[in-house]
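The block underneath contains the structure these notes are about, expressed in structure tokens.
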Amino acid sequence: MPGSRLRLPLVVFWLVSSAAANLWAQAETSAIRGKVTDPKGLPVPGVEIVATDLSTGVEHRTVSREDGNYFLTALPLSRYGLRASLSGFRTFENPSVQVRVATTALVNVELQVGEVQEKVTVEATAPVLETESHTISTTIDEKQINQLPLKMAGSSTHIEQFVFLTPGAVTQRGEQGPPFNTQINGTQAFSRELEIDGISLSTRNDEGVVYVPPNLDSVGEFKVNSANSSAEFGHAFGGAEVYSMKSGGREYHGTLYDYLRNDALDARGFFAQSVPVLRMNQFGGSLGGPLGIPGTKKLRESFFFFTIQGFRFRTAPNSIITTVPTEAMRNGDFTAYPFPIYDPATTAPDGNGGFTRQQISCKGVLRAGDLGGIVNNYLGGTLANRSDENTWSIKINSHLSSRQSISGVYNKGSLTAKNFGAFPPPVQGGDQSQRTDFVVLNHTLTISPNLINQVSAGYTYVKNWGLPPPDDRNFIKELGIKGVPGDPPQFPAVSFSGPIGTEGFGVFAPFAIPEQSYQYRDDISYIRGKHSLKMGFDHRRIHGGRQDTGRINLGFSFLETSLPNSPDRNETGSGLASMMLGTVDAASIAYTPTRPGFRWHYYGAYIQDDFKMTSKLTINAGLRWEAFLPPYEVADRLSTFDPTLPNPGAGNRPGALAFAGEGPGRIGRRRISDTYWRNFAPKLGFAYAPNPRTVVRAGFGISFSQNSGLGSARFPSTLGFNLGSFETGAQVRTLNGGVTPAFLLDNGYPQNFGLPPKIDPSFANGQNITWTPRDGFRPPYLASWSLSVQRELRRNMVVDVAYVGNKGTRLFSYLDRPNQLDPRFYSLGNLLTQNINSPEAATAGIRPPFPGFKGTVAQALRPFPQYRDIIKQIEPDGNSTYHALQTKLEKRYSDNLNFLVSYTFSKTITDADSALTFVAFTGHQNGFDKRSERAIGLQDATHNLVMSYLYEFPIGKGKRFLNRPGGPNALLGGWAISGIQTYQTGYPMGFTVSSPLPGILLSGDFLRPDRISGQPCRAAAGAGGFDVNRDPYFNGAAFSQPAPFTFGNASARYSDCRVPAFINEDISLLKNIRFGERRSLQFRAEFFNLFNRTVFGGPNLDVSSPTFGRLLAQDNTPRQIQFVLKLRF
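The numbers in the working numbering rise by one with no breaks, and the one at position 757 of the sequence shown is 758.
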């Protein structure tokens, strides 16, 4: 039984926990450890060790053991004064020990013989070497967070943008911006873990993405574990981001600030005619201190830290030039259309270029061109886009006694965006909103000096929703579209395709995606001898769902008015003409009478032992167990494709819709998939310090990641209970590549589907359908390894050289296309596009697969001809490999300077770049040849150099020169410069061709060309060098169109086919003006893309296109200037 399978690991865990009495406090807290010796180097037991938090005055105490070792755990991020005392020895004091997030500071104590009243004070030296752990990590401290340039890029400054300072991290565009698609060490995007004060923020929605993040002022420090995290980190394998929220102190202190961006300060893009109009403003403040009312008795050792922030983004009414039909075309006259149009009834040209069908009532909706011509003939866009974002947070922490402390965090964020298009509402536009709430509660209990227990609980609420422009009209009725269930009032979404792209229209349907996450974890830390034992348990429960209010989507393609089987078919036909004829190529309806309630559960348990084998060698060994339970729905409203279930509507052929739950027509269980319980992740590594300035570290580990929650796979199918737009909906589409339409508008929407709820195995016949395999919830995993050498070059400066590698297995890939036509049938050629009831099909001996089948020969020969496409929601067949040389030179702040220089030389090979299919530039070609999809990674950057720095000029009060108050100090003092500079190899490209497989492709398929041997991928530059307005960047002679009904032999991507390198410099000039000891005003002028470099991109990758190989866009952002004013008090 599943329950007994779960109980056994939990019981074993708790037995081990009780026996070992051991575990580690929350991952975000830190520790101080060391050894107490006498002048002869012998251990001294019984020494009282006191670490005093210099910001709050809270004391943390322990006593050295028989071997002289001591350990202070569960320490908040802060700076501490350390005192060691014992009768017969002088008191040892270290006045400033910096404790960083999720790190153990090593402070050894040498006691001198003397009176305890005498003191020995040592110079504070923060340890810079990682002598206790093999984890590859990078820490970003408060000074870097507050003073490095960070850009408002359509949203508020996002603290996650600093992740790309880490060796091995790359972003989609290589520059600052929301970290939507950041990858670390070649792992898949959206596979990172984010933790704030010990609680995960990752969701089923998009793992590793925080929609409305905590603002900069609320975060004290954060750490990125990029490789070989210890066993207390789980649930994801793409790196762990560990954030520590700021706490208040004994004195009140705070900030007020304002960020400003304006188009008057921005440069014009290379291809732009003018600078886009925009206004960005970010403003807020913070206040922290003792908890209580000023002037009254404050709560003992209780503190708070509060932040609030607003962000406003405005654009002026943007002029959008787009293509709409001429007045003649709106009346059915296509005489001026430059491409041949064919009558679909006769497949013969219409000599007059006109159609006489009575058009639908689109007057006043389908705008006529007002600029002349038939391309780019309409000037639209009359309303300004706007975005409002608000966040606030508070952290309260209280030291209840010498043995107990509690802390809590509440963060609330909201975002509302109004977006408009070329056409005014209600035809285009709408509001989209996001809300994020998270709560963290921690309780720490010191049972004994070497045994600490910490209980943490968290709650996260995320909601995304959208509303179209308000309007009381029923557009479906006004337009006369019949047969639409649910009577949706929204304007239908209409799209066109063809040689000339016509502007589509239609708003999005109202939707809501709420998600609630509950987390509980219990952690214990136990020190015994040379062993620092850690153990913990983690349970997460997530509630989620999506509901769409119905909307009809209509697609009109050039295919219905083109010439079938013509090699120039893409240069014929018109989607607009197809609409005038009422020939619909594809359509779908979202109809959700019920709101599903999905439930996910996750369990994790671990044990970690950091064994200090000798004073020079530490062994890190751990084991983590995880269980990712498949989702269920509260009322058993789940369904999936079952390849073995007889389909009554298809002559009982295998392949039908199966329903969860108990009762007639159901499968007898709540979960569609089985739980895989044997997810054990071992960890092993060491840190060896042959001398005080050198550390050699190595490690190996296995990590698992959740196997759903990305893209459409975040939600199981409820087909049969709903018709959701994120599922298949009630879809119809042409089955023969446009030879015959999906349906005629005059006849209304086809009624060959039933309205939900309906338990019917044949419910989705003729549509696309999703498949969640029963064994699909065996999670993907990553095997990673590393070898590194750290060397302290001088005080506060360390260089780290590492080899990092990993192998990803069972990754999301979408490689399997269950209903792809077997390539062995491609030799039938044009017969595949013929109707199954045609004489040609009868002559070839091909019969309908079941009574009543209508479609082409290709459709009839598919494995499951009763369906169009079958999409595996959870299809972990992908693999990846990553190898890298990673170097890091870091200087912590001292002598007015800090810097972090990261260089990565790497290579990623994969067939599964991302779990989100829309991220890839090119998709998969042939599910029968998965090996051909293995190629260089989509975001493979061979070389990546990132430099960040802060330098305070040594002039003015407190500095080396002009160290005195007065006029010179006011003018010349307080200046500083900071920057982030990035130099990165361009990403590899893959190429496509127009379909040599007419009527055969499934949705999302991409076909590749043939690669010509001996031809370089890069085109030769023209006379006078490369001219982006004239020359192709890629060589058209290196590729060719495959023969009809064949696949191209080109790889998915090529390492020698890369877009130009990314080069960028972001610089900030700072001026600090002090008003006494506690108040200061900082002004920053921040320059993003300081030298206004142009990085060309947007290549035309279609070998069939006359503009193939041209770089058509600027891939980076032109220079932008941002001003910041910040008051500290």
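Note that CB positions come from ideal geometry on N, CA and C, so glycine has one too.
Query raised in the report: Taking buried to mean at least 16 other C-beta atoms within 10 Å of its own C-beta, is residue 785 buried or exposed?
Result: Counting the other Cβ atoms within 10 Å of the Cβ of residue 785 gives 16 or more, which makes it buried.
Query raised in the report: Can you give the Cα-Cα distance for residue 1125 and residue 113, rounded to whole angstroms?
Result: Their backbone Cα atoms lie some 51 angstroms apart in a straight line.
Requested in this report: Could you check if residue 631 is buried or exposed, using at least 16 other CB atoms within 10 Å of its CB as the buried criterion?
Outcome: Counting Cβ neighbours within 10 Å, residue 631 comes out buried, since at least 16 surround it.
Report task. Could you check the C-alpha separation between residue 697 and residue 121 for me, to the nearest Å? Result -> Cα to Cα, the separation comes out at about 32 angstroms.
Query raised in the report: Does DSSP put residue 830 in a helix, in a strand, or in coil?
Result: Reduced to three states, the DSSP call for residue 830 is helix.
Query raised in the report: In whole angstroms, what separates the C-alpha of residue 356 from that of residue 505?
Result: Note that residue 356 has pLDDT 37, beneath the 50 cutoff, so the model's placement of it is unreliable and the number below is only indicative. The C-alpha of residue 505 is placed about 21 angstroms away from the C-alpha of residue 356.
Query raised in the report: Alpha carbon to alpha carbon, how far is residue 1131 from residue 932?
Result: Nothing can be reported for residue 1131, as the shown portion of the chain is limited to 2 through 1130.
Query - Residue from 634, 719, 628 with nearest C-alpha to residue 676 - result: Measuring from the Cα of residue 676, the nearest candidate turns out to be 628.
Requested in this report: Would you tell me roughly how many angstroms separate the C-alpha atoms of residue 514 and residue 256, rounded to the nearest one?
Outcome: So the alpha carbons of these two residues sit roughly 35 angstroms apart.
Requested in this report: Along the beta strand (DSSP E) that carries residue 494, what are the first and last residues, could you check?
Outcome: Segment 494-497, the beta strand (DSSP E) holding residue 494.
Requested in this report: Report yes or no: do the stretch 605-625 and the stretch 838-856 share at least 3 C-beta pairs separated by less than 8 angstroms?
Outcome: The answer is no - the stretch 838-856 does not touch the stretch 605-625, with fewer than three Cβ pairs under 8 angstroms.
Query raised in the report: Helix, strand or coil: which one does DSSP assign to residue 28?
Result: Residue confidence is low: residue 28 scores 42 on pLDDT, short of 50, so the model does not pin down where it sits. Its coordinate-derived value is still stated next. Correct three-state label for residue 28: coil.
Query raised in the report: Where do the ends of the beta strand (DSSP E) carrying residue 147 lie?
Result: Counting along the chain, no beta strand (DSSP E) covers residue 147; the unbroken alpha helix (DSSP H) around it starts and ends at 143-148.
Report task. With a 10 Å radius around its C-beta and 16 neighbouring C-beta atoms as the bar for buried, classify residue 241 as buried or exposed. Result -> Buried: at least 16 other Cβ atoms inside 10 Å.
Query raised in the report: Among 944, 1014, 63, 248, which has the Cα closest to the Cα of residue 1051?
Result: The residue with the shortest Cα to Cα distance from residue 1051 is 1014.
Query raised in the report: Does DSSP put residue 477 in a helix, in a strand, or in coil?
Result: Looking at residue 477 - three-state DSSP - the assignment turns out to be helix.
Query raised in the report: If we count Cβ pairs, one from each stretch, closer than 8 angstroms, do we get three or more for the stretch 1114-1129 versus the stretch 1087-1094?
Result: The count of Cβ pairs closer than 8 angstroms, one atom from the stretch 1114-1129 and one from the stretch 1087-1094, reaches three, so the stretches are in contact.
Query raised in the report: Which one or two residues does DSSP pair with residue 419 in a beta bridge?
Result: Looking at the DSSP assignment, residue 419 forms a beta bridge with 387, 432.
Requested in this report: Pull up the CB-CB distance for residue 718 and residue 648, whole angstroms please, since I reckon it's below 8 angstroms.
Outcome: Distance from residue 718 to residue 648 at the Cβ level is roughly 16 angstroms; contact not present, criterion being Cβ atoms closer than 8 angstroms.
Query raised in the report: In whole angstroms, what separates the C-alpha of residue 950 from that of residue 981?
Result: Distance between the alpha carbons of residue 950 and residue 981 is about 7 angstroms.
Report task. Let me know the secondary structure DSSP gives residue 840 once reduced to three states. Result -> Helix.
Query raised in the report: Excluding sequence positions up to five away, which residues of its chain have a Cβ less than 6 angstroms from the Cβ of residue 788?
Result: The beta carbon of residue 788 lies closer than 6 angstroms to those of 699, 804 in the same chain, with the five residues before and after it left out.
Query raised in the report: So who's on the other strand from residue 983, going by DSSP bridges?
Result: Per the DSSP secondary-structure output, residue 983 pairs in a beta bridge with 947, 1065.
Query raised in the report: Should residue 794 go down as buried or exposed, given a rule of 16 or more other Cβ atoms within 10 Å for buried?
Result: Around the CB of residue 794, fewer than 16 other CB atoms lie within 10 Å, so the residue is classed as exposed.
Query - residue 443 in three-state terms, based on DSSP - result: DSSP places residue 443 in strand when its eight states are reduced to three.
Query raised in the report: In the structure shown, what three-state DSSP assignment does residue 74 receive?
Result: Annotated three-state conformation of residue 74 is strand, per DSSP.
Query raised in the report: Would the stretch 525-540 and the stretch 608-622 be scored as touching if the rule is three or more Cβ pairs under 8 angstroms?
Result: The stretch 525-540, when compared against the stretch 608-622, does touch it at the 8 angstroms Cβ threshold.
Report task. Work out the CA separation of residue 986 and residue 1111 for me, nearest whole Å. Result -> A direct Cα-to-Cα measurement between residue 1111 and residue 986 gives close to 19 angstroms.
Report task. In the DSSP assignment, find the beta strand (DSSP E) that holds residue 814 and state where it starts and stops. Result -> Following the DSSP letters along the chain, one finds residue 814 in no beta strand (DSSP E), marked with neither H nor E.
Requested in this report: For residue 758, name the three-state secondary structure that DSSP assigns.
Outcome: Three-state DSSP puts residue 758 in coil, outside helix and strand.
Requested in this report: Count the CB pairs spanning the stretch 429-443 and the stretch 33-52 that are closer than 8 angstroms, and state whether there are at least three.
Outcome: No: fewer than three Cβ pairs fall under 8 angstroms.
Query raised in the report: Which residues in the same chain as residue 994 place their Cβ atom closer than 6 angstroms to its Cβ, once the five residues preceding and following it in sequence are excluded?
Result: For residue 994, where only same-chain residues beyond five positions count, the Cβ hits under 6 angstroms are 1008, 1010, 1042, 1104, 1105.
Query raised in the report: Which residue from 1130, 1059, 1109, 1073 puts its Cα closest to that of residue 1096?
Result: Considering only alpha carbons, the answer is 1059.
Report task. Would you mind giving the Cβ-Cβ distance between residue 167 and residue 903, rounded to the nearest angstrom? I have them listed as a contact below 8 angstroms. Result -> The beta carbons of residue 167 and residue 903 sit about 7 angstroms from each other, so the pair counts as a contact at 8 angstroms.
Query raised in the report: Touching or not, the stretch 135-146 and the stretch 222-235, by the rule of three or more beta carbon pairs under 8 angstroms?
Result: Contact between the stretch 135-146 and the stretch 222-235 is present, because at least three Cβ pairs lie under 8 angstroms.
Query raised in the report: Going straight from the alpha carbon of residue 313 to that of residue 391, what length do you get?
Result: When only Cα atoms are considered, residue 313 and residue 391 end up about 9 angstroms apart.
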